[in-house]
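So the protein lines, in turn, are chains A and B.
For the first sequence, the positions run 0 to 241 when numbering that gives the first Met the number 0 is used.
For the second sequence, the positions run 0 to 241 when numbering that gives the first Met the number 0 is used.
No residue lacks a Cβ here, since even glycine has one placed at the ideal position from N, Cα and C.
Step one of this worksheet: look at the structure below.
There are 2 protein chains.
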Amino acid sequence: MRAAPYAEPMTNQARGLHAQLLESLGPAITAGEYPPGSVLRTDELAQRFDVSRTVVREAVRVLESMHLVESRRRVGVTVRPTEEWNVYDPQVIRWRLAGADRPRQLRSLTVLRSAVEPVAAGLAARFATPEQCAALTKEALWMVATSRGRQLDAYLVHDIAFHRVVLRASGNEMFARLGDVVAEVLSGRTRHQVMFEDPDPAAVTLHVQVAEAVREGDAPRAERLTREIAVGALQELDVLAP
Amino acid sequence: MRAAPYAEPMTNQARGLHAQLLESLGPAITAGEYPPGSVLRTDELAQRFDVSRTVVREAVRVLESMHLVESRRRVGVTVRPTEEWNVYDPQVIRWRLAGADRPRQLRSLTVLRSAVEPVAAGLAARFATPEQCAALTKEALWMVATSRGRQLDAYLVHDIAFHRVVLRASGNEMFARLGDVVAEVLSGRTRHQVMFEDPDPAAVTLHVQVAEAVREGDAPRAERLTREIAVGALQELDVLAP
DNA sequence: GTGACATAAACGTCGTACTTTTTGCCCGTG
DNA sequence: CACGGGCAAAAAGTACGACGTTTATGTCAC
Numbered sequence: 000m001r002a003a004p005y006a007e008p009m010t011n012q013a014r015g016l017h018a019q020l021l022e023s024l025g026p027a028i029t030a031g032e033y034p035p036g037s038v039l040r041t042d043e044l045a046q047r048f049d050v051s052r053t054v055v056r057e058a059v060r061v062l063e064s065m066h067l068v069e070s071r072r073r074v075g076v077t078v079r080p081t082e083e084w085n086v087y088d089p090q091v092i093r094w095r096l097a098g099a100d101r102p103r104q105l106r107s108l109t110v111l112r113s114a115v116e117p118v119a120a121g122l123a124a125r126f127a128t129p130e131q132c133a134a135l136t137k138e139a140l141w142m143v144a145t146s147r148g149r150q151l152d153a154y155l156v157h158d159i160a161f162h163r164v165v166l167r168a169s170g171n172e173m174f175a176r177l178g179d180v181v182a183e184v185l186s187g188r189t190r191h192q193v194m195f196e197d198p199d200p201a202a203v204t205l206h207v208q209v210a211e212a213v214r215e216g217d218a219p220r221a222e223r224l225t226r227e228i229a230v231g232a233l234q235e236l237d238v239l240a241p
Numbered sequence: 000m001r002a003a004p005y006a007e008p009m010t011n012q013a014r015g016l017h018a019q020l021l022e023s024l025g026p027a028i029t030a031g032e033y034p035p036g037s038v039l040r041t042d043e044l045a046q047r048f049d050v051s052r053t054v055v056r057e058a059v060r061v062l063e064s065m066h067l068v069e070s071r072r073r074v075g076v077t078v079r080p081t082e083e084w085n086v087y088d089p090q091v092i093r094w095r096l097a098g099a100d101r102p103r104q105l106r107s108l109t110v111l112r113s114a115v116e117p118v119a120a121g122l123a124a125r126f127a128t129p130e131q132c133a134a135l136t137k138e139a140l141w142m143v144a145t146s147r148g149r150q151l152d153a154y155l156v157h158d159i160a161f162h163r164v165v166l167r168a169s170g171n172e173m174f175a176r177l178g179d180v181v182a183e184v185l186s187g188r189t190r191h192q193v194m195f196e197d198p199d200p201a202a203v204t205l206h207v208q209v210a211e212a213v214r215e216g217d218a219p220r221a222e223r224l225t226r227e228i229a230v231g232a233l234q235e236l237d238v239l240a241p
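Structural data, given as C-alpha cells:
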C-alpha cells in the first residue's frame with residue numbers, strides 16, 4: 000500500500016490503529032525521546048508507522064488534549080515543555096511511571112499523597128458510611144493477615160483497596176479520583192524495590208488504627224495517623240533516591 | 000453540502016472545526032445534558048453540527064481521552080458515569096465551572112486546595128529561590144495595596160499570582176500544575192459572589208505572613224499560616240453553600 | 001532597508017469504502 | 001414445543017486518499 004520500508008512495530012494489542020499509535024508516541028514523548036520543542040510532521044509519522052494521516056491526526060488530537068504537543072499549521076506537531084503537560088492525566092502518569100524518570104515521578108506523587116490522604120482520612124472519619132467503615136476494617140485486617148511470610152502481592156491488593164476506600168469515603172470527588180494514582184504508586188513501589196522484605200509492622204498497625212479512628216468518627220486522629228503513614232512513605236522514598 | 004436543517008451554532012471562535020465541536024460537546028456532557036449511559040451516534044452529530052464524520056471522530060477521541068465517553072462499534076459513543084471522568088483535566092474543570100454544578104465543583108476544588116497548599120507552602124519555605132521569595136513578597140504587598148477601595152480585579156490578579164508562586168516554589172511538579180486550578184477557583188469565587196466587599200483584612204495579613212515565613216525558611220509556620228488561609232476559604236464557601 | 005506578494009509546506013476537512021460487532025432470524029435438534 | 005447454535009444483515013465505528021486552507025518564509029521591487 001505504502002512504501003514504509005522502516006515501519007515501526009506498534010506491538011501493543013489493537014483497539015484501533017490510533018490507540019496503538021498513541022501507545023507508541025505517548026511513552027516516547029513522556030520519556031523525553033522527542034525533547035520539548037522538537038517537531039513531528041504528520042505525514043512523516045504516517046509513513047513511519049504505516050498508517051493513514053487520519054489515524055495520526057486522531058492520535059495527535061489526544062496528545063494535544065494532554066498538552067503534550069501542540070499542532071500548528073505550516074509548522075507541524077511541536078512537543079510542549081514539560082511544565083505544561085497534564086501530569087494528572089492517568090494515562091500520562093502511567094507512561095511516565097513506565098519510563099525513565101520513574102523515580103522522580105514516584106517522588107512527586109508520594110508528596111501529593113502525603114498532602115491529600117491525611118485530609119481525606121479526616122473527612123472520611125466524618126462522612127464514611129457504615130459499609131465503608133466495614134470495608135476499611137476488613138482491608139486493614141487483611142493487611143495484618145498478609146503482612147508476614149512473603150505474601151507481598153496479597154498485601155499490596157489490600158493496601159491499595161484500603162487507601163481507595165479512604166479516598167472515596169472522604170466524599171470529595173477530586174480525592175476519590177486519586178485512587179488510581181495511589182494504586183500506581185503503591186504497586187510501583189512494591190514492584191521496584193524490596194519485594195523480599197515483609198512490610199513495616201508499624202505501618203500495618205497504623206492502618207488498623209486509621210480504620211478505628213474513621214469508624215469512631217475521630218477526624219483529628221484519623222488525619223494524624225494517616226499523616227504518620229505518609230511520613231513513613233516519604234522516608235522510605237528518601238532512602239531510595241535521596 | 001449536507002441537508003443540516005437543524006445545524007447547531009457552535010458559536011465559539013474557530014481554531015479548527017473539531018475544537019469548536021469539542022467546545023459544544025464538552026460543556027454539554029459535563030453539564031449533564033447528555034446523562035451517563037446515553038449514546039451519541041457519530042453521523043447524527045455530523046449532521047447536527049454540519050461537519051464531516053472525521054471531525055466528529057477527532058472530537059470524540061479527545062472526549063474519550065478525558066474518560067467522558069466511550070466509543071464502541073455497533074453501539075455508538077456512550078457517555079461514561081461521572082465517577083470515571085478525568086476531573087483533573089483543566090479543560091473538564093473549566094467546563095464544569097462554567098456549568099450547572101459550579102458550586103459543587105468549587106467546593107471540591109477548595110477542599111483540594113486546603114489539603115495541598117499548606118504542604119506546598121511548607122516545601123516552598125525550604126526550597127524557594129531568592130527570586131521566588133521576592134516575587135512572593137511583592138505579590139503580598141500588592142495584595143495589601145489593592146485590598147481596599149473596590150479594586151477587587153487588581154487584588155484578584157495578585158492573589159492568583161501569589162498562590163501560583165507558592166505552588167511553583169514547592170518544587171513539586173504536581174503542585175505546580177494546580178496553579179491553573181487555583182486561579183480558576185479564585186477568579187470564580189470573586190466573580191460570583193461578593194464583588195462589592197473588600198477582601199477580609201485578616202486573610203490579607205496572613206498572605207503577608209506566609210511570604211515572611213517562606214522568606215525566612217520557616218516551613219512549619221508557612222504551613223500553619225497557609226492552613227489558616229485555607230480554613231478561611233472553606234468557611235467562606237460553607238456560608239455560600241452549606 | 002522595508003514592505004508586500006508569491007510560494008510551498010504543513011495541517012485541516014471531506015466523501016468513500018472497509019471492518020467489526022451486534023442482533024435477530026432460521027433451522028436443526030433434544 | 002422449546003432451546004441453542006450458527007449464519008446473515010445492518011448499524012456504527014475505522015481507515016483511506018484527495019482536496020482545501022492557513023501561514024511561515026523568502027524574494028523582488030521600490
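Query: Do B/Arg47 and B/His66 come within 8 Å of each other at the CB atom, strictly closer than that value?; Result: no
Query: Taking all protein chains shown into account, do 16 or more other C-beta atoms lie within 10 angstroms of the C-beta of A/Glu130, making it buried, or fewer, making it exposed?; Result: exposed
Query: Counting contacts by CB-CB distance shorter than 8 Å, is A/Glu130 in contact with chain B?; Result: no
Query: Which residues in chain B have a C-beta closer than 9 Å to the C-beta of A/Ala120? List them in chain order.; Result: Neighbours of A/Ala120 on chain B: none; closest Cβ ~11 Å, over 9 Å.
Query: What are the start and end residues of the beta strand (DSSP E) that includes A/Thr77?; Result: 75–78
Query: In its own chain, which residues sit with a C-beta less than 8 Å from the C-beta of B/Glu227, not counting the 5 before and 5 after it?; Result: Leu205
Query: Quick one: what's got a C-beta closer than 7 Å to B/Val50's C-beta in the same chain, skipping five residues either side?; Result: Leu16, Leu20
Query: My guess is that A/Asn61 and B/Arg60 are in contact by the Cβ rule of under 8 Å, so how many angstroms apart are they, rounded?; Result: Per the sequence presented here, residue 61 of chain A reads as Val, with Asn not at that position. So it is a contact: roughly 5 Å between Cβ atoms.
Query: Would you say B/Thr29 faces chain A, with C-beta separation under 8 Å as the test?; Result: no
Query: Would you tell me roughly how many angstroms separate the C-alpha atoms of B/Ala124 and B/Glu211, rounded to the nearest one?; Result: 9 Å
Query: Compare the C-beta of A/Phe48 with all C-beta atoms of chain B and state if any pair is closer than 8 Å.; Result: no
Query: Taking contact to mean at least 3 C-beta pairs separated by less than 8 Å, is the segment 144–164 of chain A in contact with the segment 82–98 of chain A?; Result: no
Query: Going along chain B in order, which residues have a C-beta closer than 8 Å to the C-beta of A/Val110?; Result: Val118, Leu122, Asn171, Met173, Phe174
Query: Let me check understanding here. Comparing Cα to Cα, which of A/Arg52, A/Glu215, A/Tyr154 lies closest to A/Pro242?; Result: Because chain A here runs from 0 to 241, residue 242 of chain A falls outside it and cannot be looked at.
Query: Give the single residue among A/Asp237, A/Asp88, A/Thr29 whose Cα lies nearest to the Cα of B/Arg176.; Result: A/Asp88
Query: Report back the beta-carbon spacing between A/Cys132 and A/Val213 to the nearest angstrom; my notes put them in contact at under 8 Å.; Result: 6 Å
Query: B/Arg73 to A/Arg40, Cα distance in whole Å?; Result: 33 Å
Query: Entirely within the segment 103–132 of chain B and at least 4 residues each: give me those alpha helix (DSSP H) ranges in chain order.; Result: none
Query: Under the three-state reduction of DSSP, which class applies to B/Leu16: helix, strand or coil?; Result: helix
Query: Could you pull the start and end residues of the alpha helix (DSSP H) that B/Val213 belongs to?; Result: 200–214
Query: Quick one, are the C-beta atoms of A/Thr189 and A/Trp94 less than 8 Å apart?; Result: no
Query: For B/Gly121, count the other beta carbons within 10 Å of its own beta carbon; 16 or more makes it buried, fewer makes it exposed. Which is it?; Result: buried
Query: What would DSSP say about B/Glu32, mapped onto helix, strand or coil?; Result: coil
Query: Counting along the chain, where does the beta strand (DSSP E) carrying B/Arg71 start and finish?; Result: 68–71
Query: Alpha carbon to alpha carbon, how far is B/Arg14 from A/Arg223? Give it in angstroms, no decimals.; Result: 49 Å
Query: Out of A/Tyr33, A/Gly75, A/Ser107, A/Val76, which has the shortest C-alpha to C-alpha gap to A/Leu236?; Result: A/Ser107
Query: If you count every other CB in all the chains shown that lies within 10 Å of the CB of A/His162, and 16 or more means buried, which is it?; Result: buried
Query: I need the DSSP call for B/Leu143, collapsed to helix, strand or coil.; Result: In the sequence as displayed, the identity of residue 143 of chain B is Val instead of Leu. If DSSP states are grouped into helix, strand and coil, B/Val143 belongs with the helices.
Query: Going along the chain, which residues of its own chain have a beta-carbon closer than 6 Å to the beta-carbon of B/Ala69, five neighbours each way excluded?; Result: It is worth fixing the name first, because residue 69 of chain B is Glu in this sequence and not Ala. Around B/Glu69: Thr77, Arg79.
Query: Give a yes or no on whether the C-beta atoms belonging to A/Pro285 and A/Ala97 are separated by under 8 Å.; Result: No statement about residue 285 of chain A is possible, as the shown extent of chain A runs from 0 to 241 and does not include it.
Query: Can you tell which of A/Ala119, A/Glu183, A/Gly170 has its C-alpha closest to the C-alpha of A/Ile159?; Result: A/Glu183
Query: Excluding sequence positions up to five away, which residues of its chain have a Cβ less than 6 Å from the Cβ of A/Gly178?; Result: Arg163, Leu166
Query: Tell me whether A/Arg103 is buried or exposed, calling it buried when 16 or more other Cβ atoms sit within 10 Å of its Cβ.; Result: exposed
Query: So which residues of chain A does B/Asp88 contact, with C-beta pairs closer than 9 Å?; Result: Ser64, Met65, Asn85, Tyr87, Asp88
Query: Since I believe B/Ala218 is in contact with B/Ser113 (beta carbons under 8 Å), could you give me their beta-carbon distance rounded to a whole number of angstroms?; Result: B/Ser113 to B/Ala218, Cβ: 18 Å. No contact.
Query: Here's a check: name, in chain order, each residue in its chain whose Cβ is nearer than 7 Å to the Cβ of B/Asp42, leaving out the five neighbours to either side.; Result: Arg52
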